[in-house]
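Numbering (the UniProt record's numbering), first residue to last: 1 to 312. Just so it is clear, CB atoms sit at the ideal spot from N, CA and C, and this is done for glycine as well. What follows is one structure encoded as structure tokens, with my remarks underneath.
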């Protein structure tokens, strides 16, 4: 009996080492998400996650919510240069995949990196931005969370979206239609193409603003991050209230790859070769149709967020 009591005491002590908790008051009020009602019993869901050196797994205080092919991997790698940031390596897909979400916050916590108490835990899943259920679920976990959204020219994002899927098929030696076959149907722009819908930023942003004030969402200009990363990452540091630790010397332009790489403590590293692939050649007339299609949606997005971007 004594060993069992000692083990129970040690388990409770270790659970208290996990400082990150949903910033909500759990209860049984009508309309509350199931995740919120379970928040009070989160300790029972969490396994022994404390590390011997005093670090622990924490729920993220920041999430990179998207957008797909907007530069989320580059943003995460650049942010990881900061010593006070602990980043999850893989896309977790907790809030958008039912098989993950149904396992609860304990499972989500288990996917996070070990971090020191002063570090900020960050995860990124680009699909969150365009998933209708995600904003309410994230809000249920922590309504005070800080969100990072990286966007680029909607037309370019569509081409990158296609390019990624195209190369995935090439690697598997599977045929894949040309981009024109996706973009054009019966002589008109195919507005049902999913890649097009992902670039209708104003529709997805409206959903997030139902649950989070704009001050909780920092929009990173993905096009500028590619051209000149340091100023953009400085803005991210300020938004996350991090001390200015990332310097211009952490970035260098790799002429072979055609984009900026990172220099961290004398060690150089670049994004995976799958990043920065050349887009398919598109008929200029079709490209103009794309630009025209996004003109009004872009204006709506600019009005929604109170700033403009250098998009076609």
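Nearest C-alpha to residue 235 among 218, 297 and 281: 218. Annotation: the stretch 72-115 contains the following complete segments of the alpha helix (DSSP H) (minimum length 4 residues), in chain order: 72-79, 98-101 and 104-110. Bounds of the alpha helix (DSSP H) holding residue 138 are 134-141. When the Cα atoms are used, residue 280 and residue 254 turn out to be separated by approximately 22 Å. Boundaries of the alpha helix (DSSP H) harbouring residue 161: 154-171, taken from the DSSP string. Taking C-alpha positions only, residue 155 is separated from residue 53 by approximately 48 Å. The beta carbon of residue 201 sits closer than 8 Å to the beta carbons of 67, 151, 154, 297, 298 and 301 from its chain, once the five residues preceding and following it are set aside; these are given in chain order. Inclusion of residue 246 and residue 81 in the CB contact set at 7 Å is warranted, their separation being smaller than that value. In the structure shown, the three-state DSSP call for residue 234 is helix.
Per the DSSP secondary-structure output, residue 218 pairs in a beta bridge with 148. Taking C-beta atoms as the reference points, residue 162 and residue 195 count as a pair closer than 7 Å. In the DSSP assignment, residue 267 falls within the beta strand (DSSP E) that extends over 267-269. In the structure shown, the three-state DSSP call for residue 251 is strand. Closest option to residue 177, judged by alpha-carbon separation, among 204, 286, 165 and 97: 165. Cβ atoms of residue 63 and residue 145 come within 8 Å of each other, at about 6 Å.
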